[in-house]
Amino acid sequence: MGDKFDMGGAHISGSAIGHRATVNNYGGAPDALLAALVERRSDLLGDAPADRRDDVRARLDEIEAQLRSRRPDKEVVRSGWQRIAGIVGVLSEPVMEVTKLIAKFLA
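Position 107 of the sequence shown, counted from 1, bears residue number 158 in this note's numbering, the numbering being contiguous throughout.
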């Protein structure tokens, strides 16, 4: 009951899982998150204090690289985003928008 299976990138067809199976995808696609990060990147950098922009830029690069990889490391994405939100501020509009997508991705 406590087992977890990573089915990312899997293709299941026919009777591999039976005829009465229900597939639920509760995790958000990394594509939507990546698109939002790319779109809001300049806003996030603009909202960051000047002396911390390099750190935000490095974290964004790290998160985007993970999202482009075959199997993104959710811990890297989560911790990188927490750092960005802490620097930019959680009330920043771009931070709030991306945080919702991060939550879906991590679910």
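All C-beta atoms, glycine included, are put in the ideal place defined by N, C-alpha and C.
Just so we're clear, the structure is a prediction, and the values are computed from it rather than from any experiment.
Query raised in the report: Quick one: Cα of E126 to Cα of E115, how far?
Result: 13 Å
**Report entry** Alpha carbon of V128 to alpha carbon of E113, nearest angstrom
**Finding:** 8 Å
Query raised in the report: Do the CB positions of L88 and V149 come within less than 8 Å of each other?
Result: yes
Query raised in the report: Measuring CA to CA, which of D82, L157, D98 is closest to I138?
Result: D98
Query - Per-residue burial, V159 [other beta carbons within 10 Å of its own, 16 or more giving buried] - result: No information on residue 159 is available, as it lies outside the stretch 52 to 158 that the chain covers here.
Requested in this report: Take P123 and list the residues in its own chain whose beta-carbon comes closer than 7 Å to its own, dropping the five residues that flank it on each side.
Outcome: P81, Q117
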